[in-house]
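J.: Below are the structure tokens for one structure; questions will follow.
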Amino acid sequence: MFSKSAGMKKILLVAVILGIYGLFMCGCGKVSQKVSSNIPNGSNGAEEDVAKPKSSDGKNLDMENKYKNKAVVLETVVDIFREPDINSERVTQAIFNQPVEVIEEKGSWTKVKVVDGYTGWLKSKFIDRDCTSIMEEKYTDRAVITGKTKKVYSSAGGGVTLKDVVMGTELFIKEKKDRYYEVALPGGITGWIDTKDTIKVPSGSPIPKTSAQDFVATVSKFTGTPYLWGGVSSWEGVDCSGLVYICSRINGVDLPRDADMQFEFIKTGVGSVEELKAGDFLFFSSSEELKDVSHVGVYVGDGKFIQAAKSKGMVVETGLDTEYYLKRLKGIKRIFE
1 MFSKSAGMKK ILLVAVILGI YGLFMCGCGK VSQKVSSNIP NGSNGAEEDV AKPKSSDGKN
61 LDMENKYKNK AVVLETVVDI FREPDINSER VTQAIFNQPV EVIEEKGSWT KVKVVDGYTG
121 WLKSKFIDRD CTSIMEEKYT DRAVITGKTK KVYSSAGGGV TLKDVVMGTE LFIKEKKDRY
181 YEVALPGGIT GWIDTKDTIK VPSGSPIPKT SAQDFVATVS KFTGTPYLWG GVSSWEGVDC
241 SGLVYICSRI NGVDLPRDAD MQFEFIKTGV GSVEELKAGD FLFFSSSEEL KDVSHVGVYV
301 GDGKFIQAAK SKGMVVETGL DTEYYLKRLK GIKRIFE
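Heads up: the sequence shown is residues 1 to 337, going by the UniProt record's numbering.
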């Protein structure tokens, strides 16, 4: 009797298992058939197709990775310091809506790498990790500011001033209305700028290289601007290499930030003073021994050059035909024709 009972239990158990297995296979067969019906010929199977992300998701993922460690500058001009201390050396500056790479955070400070290649510290309150306003993939064109300064308004034709911006600032364009561009700003808002003293450049494309004449015209706009060590704008001031750096940049040439680096970067040399042309770069040494490169200016013709002169406290036009400068002239380089 015991053996019969045990046998019946085994039969019932097997029947239950077979029933469950049948239901499972039936259900899975429908699901599998439904998924498989969408698989194109040549696919390796439903699982591979389901696991593969859609193209739009792939693009979004690439974009997220691209801007993962980026931040955007919120103020017109922001100082970048060598140490997380406002009393340390100002090494350079970043300008509004410029992307920076976040390296480290310490208290109220963030260490960043800026567009000109320098690394340093800025106050964390001056940047935002929301990079929507600098995501070039979202926009067709951008406006590059070529005037010394420009105002961003709340509406086309005027309204409230939202921000002052300086030469070299780049803002992505959403639309154009009359002679105004609607531009994307940090924080998810938009503003309007006059199209005057701007150039429109396709997103993702470099600024087109211009001529020596255009370059000299840009440099000349800074005459009278205060001298500021580490400065790159007319807002607070510029130093000698900052002047050359920002003016070259909006004329389509990205130079290193410092004079000695600029000297090494520019390969085309000019043999003598007699061969000078307007737009040439003049590099000077700190002494007549010519062992270093400590200063740079731009030749503008008629024996004169423009420089951000620390001794004068501003950007000035200076005669080259003086013993002081001629004996310290390390070399002449040319980029613009």
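Positions of the beta carbon are idealized from the N, C-alpha and C atoms, including for glycine. Small disclaimer: the values here were computed from a predicted structure and weren't measured.
1) Going by CA-CA distance only, name the one from 170, 180, 153, 275 that's closest to residue 249.
2) When the Cβ atoms of the region 293-312 are set against those of the region 260-279, are three or more pairs found closer than 8 Å?
3) Secondary structure at residue 212, three-state DSSP: helix, strand or coil?
4) Name the one or two DSSP bridge partners that residue 122 has.
5) Spatial neighbours of residue 227 within its chain, please: CB distance less than 8 Å, with the 5 preceding and 5 following residues excluded, ordered by chain position.
6) Tell me the rounded alpha-carbon separation between residue 152 and residue 321.
7) Which runs of the beta strand (DSSP E) spanning at least 3 residues fall entirely within the region 153-212, listed in chain order?
8) Between the alpha carbons of residue 178 and residue 275, how many angstroms are there, rounded?
9) How would you label residue 243, buried or exposed, when you count the other beta carbons within 10 angstroms and need 16 or more for buried?
10) What do you get for residue 324, buried or exposed, if any count of 16 or more other CB atoms within 10 angstroms of its CB means buried?
11) Does the distance from the C-beta atom of residue 192 to that of residue 133 stay below 9 Å?
12) For the region 70-85 against the region 110-124, are there 3 or more C-beta pairs whose distance is under 8 Å?
13) Let me know the secondary structure DSSP gives residue 81 once reduced to three states.
14) In whole angstroms, what is the alpha-carbon distance linking residue 204 and residue 63?
15) For residue 314, which of helix, strand or coil comes out of DSSP?
16) Would residue 144 and residue 77 be called neighbours here (beta carbons separated by less than 9 Å)?
17) Going by DSSP, what residue range makes up the beta strand (DSSP E) through residue 307?
18) With distances taken from CA atoms, which of 229, 146, 333 is nearest residue 90?
T.: Straight from the coordinates:
1) 170
2) yes
3) helix
4) 110
5) Leaving aside the five residues that flank residue 227 on each side, the residues in its chain whose CB is nearer than 8 Å to its CB run, in chain order, 237, 238, 239, 308, 309, 310, 312, 313, 314, 315.
6) 43 Å
7) 158-166, 170-177, 180-184, 190-194, 198-202
8) 46 Å
9) buried
10) With a 10 Å radius around the Cβ and a threshold of 16 neighbouring Cβ atoms, residue 324 comes out exposed.
11) no
12) Counting C-beta pairs with one atom in each stretch, the region 70-85 and the region 110-124 have three or more that are closer than 8 Å, which means they touch.
13) strand
14) 13 Å
15) strand
16) no
17) That run of the beta strand (DSSP E) goes 304-309.
18) 229
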